[in-house]
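Our numbering applies: residue 15 is where the sequence shown begins, and numbers increase by one.
I have placed the structure first, in the form of structure tokens, so that the comments after it can refer back to it.
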Amino acid sequence: METVGELAPSLRILLGPGPSAVHPRVLKALSTPLVGHLDPEFLRIMEETKDLLRAVFQTKNALTFPISGTGSAGMEACFVNLLEPGDEAVIGVNGVFGTRMKDVVERCGATPVVMEAEWGRVFTPDQVREALSRCRRPKLVALVHAETSTGAWQPLDEMASIIHNAGALFMVDAVTSLGGCPVQIDAWGIDACYSGTQKCLSCPPGLSPVTFNQSALDVLRKRKSKVQSWYLDVSMIEKYWGEERVYHHTAPISMNYALREALRLVQEEGLTARFHRHQRNHEALAAGLAAMGMALAAQEGHRLWTLNSVTIPANADDAAVRRQLLEEYNIEIGAGLGPLRGKVWRIGLMGESSTRSNVLLVLSALEDILRKQGHRCTPGAGVSASQQVYSAG
Ligand SMILES: *Cc1c(COP(=O)(O)O)cnc(C)c1O
Numbered sequence: 015m016e017t018v019g020e021l022a023p024s025l026r027i028l029l030g031p032g033p034s035a036v037h038p039r040v041l042k043a044l045s046t047p048l049v050g051h052l053d054p055e056f057l058r059i060m061e062e063t064k065d066l067l068r069a070v071f072q073t074k075n076a077l078t079f080p081i082s083g084t085g086s087a088g089m090e091a092c093f094v095n096l097l098e099p100g101d102e103a104v105i106g107v108n109g110v111f112g113t114r115m116k117d118v119v120e121r122c123g124a125t126p127v128v129m130e131a132e133w134g135r136v137f138t139p140d141q142v143r144e145a146l147s148r149c150r151r152p153k154l155v156a157l158v159h160a161e162t163s164t165g166a167w168q169p170l171d172e173m174a175s176i177i178h179n180a181g182a183l184f185m186v187d188a189v190t191s192l193g194g195c196p197v198q199i200d201a202w203g204i205d206a207c208y209s210g211t212q213k214c215l216s217c218p219p220g221l222s223p224v225t226f227n228q229s230a231l232d233v234l235r236k237r238k239s240k241v242q243s244w245y246l247d248v249s250m251i252e253k254y255w256g257e258e259r260v261y262h263h264t265a266p267i268s269m270n271y272a273l274r275e276a277l278r279l280v281q282e283e284g285l286t287a288r289f290h291r292h293q294r295n296h297e298a299l300a301a302g303l304a305a306m307g308m309a310l311a312a313q314e315g316h317r318l319w320t321l322n323s324v325t326i327p328a329n330a331d332d333a334a335v336r337r338q339l340l341e342e343y344n345i346e347i348g349a350g351l352g353p354l355r356g357k358v359w360r361i362g363l364m365g366e367s368s369t370r371s372n373v374l375l376v377l378s379a380l381e382d383i384l385r386k387q388g389h390r391c392t393p394g395a396g397v398s399a400s401q402q403v404y405s406a407g
């Protein structure tokens with residue numbers, strides 16, 4: 015084998031569906047010396063991380079910690095711990111991640127009761143009522159807060175009472191919302207929730223913050239069967255992340271350093287300011303795209319600040335535009351998935367990537383590339399419309 019060269023990745027501008035840009039302080043945390051996973055210093059780092067996570071999740075839940083693994087590991091952890099074979103679970107399917115949830119539910123030996131909406135649209139409380147009425151004894155209802163595959167933003171605040179009245183738990187995927195827009199676990203009555211590190215928390219991929227309230231824990235304690243996954247069995251993992259500090263698996267030390275630093279950055283900025291920044295940059299991008307004759311694809315009034323899916327103009331070459339953005343501008347954006355392949359681009363403005371300069375850059379890069387492909391728009395129209403949003407205060 016030939017000698018492998020030094021690692022030299024390009025400095026990309028990450029405006030896709032994740033990972034997002036990582037702050038140098040987080041990169042520095044990754045390169046600091048290791049301690050053992052039972053070292054008293056690491057135990058303190060774990061406690062601080064749990065406290066910082068409770069603050070972003072806006073919860074008092076004692077059991078709030080990062081699962082070792084990416085967002086999908088958090089998804090799987092929530093389902094395998096709360097579902098037993100034969101249980102019914104209502105799943106909202108309106109994109110890739112609802113579809114993935116259904117697959118995980120089936121692998122638990124449980125029965126998914128599917129509630130469908132067109133990709134890009136959100137669910138109403140009535141749709142949840144209707145789906146619950148099709149169940150005998152629903153164990154839980156799972157919804158995706160921020161559907162990264164479509165850019166749709168699911169309202170959650172009116173769902174808990176409907177779900178709890180049916181005797182079910184309320185589970186939420188907050189992978190692309192946590193740290194970018196409000197996620198109010200306690201106020202919205204969410205019983206179990208998972209997220210990821212590489213979206214709006216701006217940390218590398220590798221951990222999945224989760225939170226379980228007492229009702230979810232009661233369900234876990236009353237299980238008749240063992241949790242199907244040894245690695246993700248929260249009844250064992252909580253003995254390491256809780257008081258007892260019993261070894262289960264070696265915590266990914268460096269990733270936990272990184273998450274703690276990323277959460278410190280969230281704390282320093284403050285949730286309100288951080289959400290406002292995400293909102294403002296989304297509004298400026300949307301205004302710029304509109305001025306260039308491009309429309310956002312998700313349901314009006316339910317568009318995420320963190321992920322913008324935009325309809326590809328009729329005469330544009332999807333793959334060529336994305337390739338040119340990457341090669342000529344170092345900008346990564348996302349392609350459409352599933353039924354949206356070739357129909358939309360997905361422009362992420364998550365965490366450290368959500369900046370005014372990135373918004374203006376991607377608009378002018380898109381204008382340059384699209385105009386060369388024959389798309390008609392007034393030079394500078396996108397950037398100018400976007401600047402107007404910023405100068406409006
Ligand atoms: C990215 C994402 C996931 C999966 O996370 P991975 O880190 O890719 O495993 C799950 N749900 C949503 C909404 C996501 O955006």
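Built from N, CA and C at the ideal position, the CB exists for glycine as well.
G194 places its beta carbon less than 7 Å from that of M364. In terms of side-chain proximity, the C-beta atom of P219 is found nearer than 6 Å to a non-hydrogen atom of ligand 1.
Inter-segment contact for the segment 49 to 68 and the segment 92 to 108 is absent: fewer than three beta-carbon pairs are separated by less than 8 Å.
Measuring C-alpha to C-alpha distances from V155 to each of G88, S367 and G112 identifies G112 as the nearest. Residues S268 and A272 of the same chain have their beta carbon placed closer than 6 Å to that of L44, with the five preceding and five following residues left out of the count.
Distance between K116 and I105, taken at the CA atoms: about 6 Å. Secondary structure of W167 (DSSP, three-state): strand.
D101 is a Cβ neighbour of K153, given a cutoff of 7 Å. Not one heavy atom of ligand 1 is found less than 6 Å from the C-beta of V136. Assignment of beta-bridge partners to E258 by DSSP yields no partner.
Around the beta carbon of N329, a 10 Å sphere encloses fewer than 16 other beta carbons of the protein chains shown; the residue is thus reported as exposed.
At a threshold of 6 Å, S86 counts as near ligand 1, since its beta carbon sits closer than that to one of the ligand's heavy atoms.
Beyond the five residues adjoining it in sequence on each side, V241 comes within less than 6 Å, by CB distance, of V94, N95 and D247 in the same chain, given in chain order.
As DSSP reads the structure, P126 sits in a beta bridge with A103. Judged by DSSP secondary structure, Y343 falls outside any beta strand (DSSP E) and instead within the alpha helix (DSSP H) spanning D332 to Y343. Selection M15, W202, V18 and D53 evaluated against T264 yields D53 as nearest (Cα-Cα). Distances between the C-beta of G362 and the heavy atoms of ligand 1 are all 6 Å or more.
Bridge partners of L157 according to DSSP: V186.
Taking one beta carbon from each stretch, the segment 213 to 229 and the segment 32 to 44 have 3 or more pairs nearer than 8 Å; the two touch.
Ligand 1 approaches D187 closely enough that one of its heavy atoms is under 6 Å from the residue's Cβ. Under the three-pair Cβ rule at 8 Å, the segment 296 to 309 does not count as touching the segment 164 to 176.
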